[in-house]
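**Student:** Questions regarding the structure given below will be posed in turn.
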Amino acid sequence: MRRMTGLIIGLVLGLGAAAHGADEEHWYVILLQGQKAGWMMERSTTGDDGKITSETEMRLKIGRGAQAVELSMGSEFVERGDGTAVSALSRQKQGQMQMTREYKFSPEKVIERVVQGEEGDADAR
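Residue numbers (this note's numbering): 8 to 132.
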């Protein structure tokens, strides 16, 4: 299960960072063993300031016997028109456990903010 979750997270972040160009939005159905297990959306928009925002969101419901686990993952990547990174965001929720990672990029450093659980439990690096 952890291996599959890691692969899915990599896919979500990779798709979010790959979208460029005109505004686009795509929706997908996620199938596991031929059965609908969830959905995924990817969107790329260009703001009035020329910044490109690439977003992905995915929701899965995986059942095992009488139990079901709900997973949601999302990412957002903001860059300038020349490809310079501005910020990134990654959200994961598995059952009641959630984690958010925010990144702010500057020429000198990258600031990472990690929130695990409720908003008050943040750890900035």
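Built from N, CA and C at the ideal position, the CB exists for glycine as well.
What is the residue span of the beta strand (DSSP E) that THR63 lies within?
**Tutor:** Within the sequence shown, numbered from 1, the residue matching residue 63 stands at position 56. Looking at the DSSP string, the run of the beta strand (DSSP E) that includes THR63 is 59 to 71.
**Student:** So GLU49 and THR60 are in contact, right, with Cβ under 8 Å, and what is the actual spacing, rounded?
**Tutor:** Residue 49 sits at position 42 when you count from the first residue of the sequence shown. Residue 60 sits at position 53 when you count from the first residue of the sequence shown. At roughly 11 Å, the Cβ-Cβ gap does not stay under 8 Å, so GLU49 and THR60 are not in contact.
**Student:** Flag this pair as yes or no: are the beta carbons of LYS58 and ARG87 separated by less than 8 Å?
**Tutor:** By one-based count along the sequence shown, residue 58 stands at place 51. By one-based count along the sequence shown, residue 87 stands at place 80. For LYS58 and ARG87, yes; Cβs fall inside 8 Å.
**Student:** Name the DSSP bridge partner or partners of GLU31?
**Tutor:** Within the sequence shown, the letter at position 24 stands for residue 31. As DSSP reads the structure, GLU31 sits in a beta bridge with SER51.
**Student:** Let me know the secondary structure DSSP gives ILE16 once reduced to three states.
**Tutor:** Position 9 of the sequence shown, counted from the first residue, corresponds to residue 16. Interpretation of ILE16 is limited by its pLDDT of 49, a score under 50 that renders its predicted location unreliable; the figure taken from the coordinates is listed afterwards. Looking at ILE16 - three-state DSSP - the assignment turns out to be helix.
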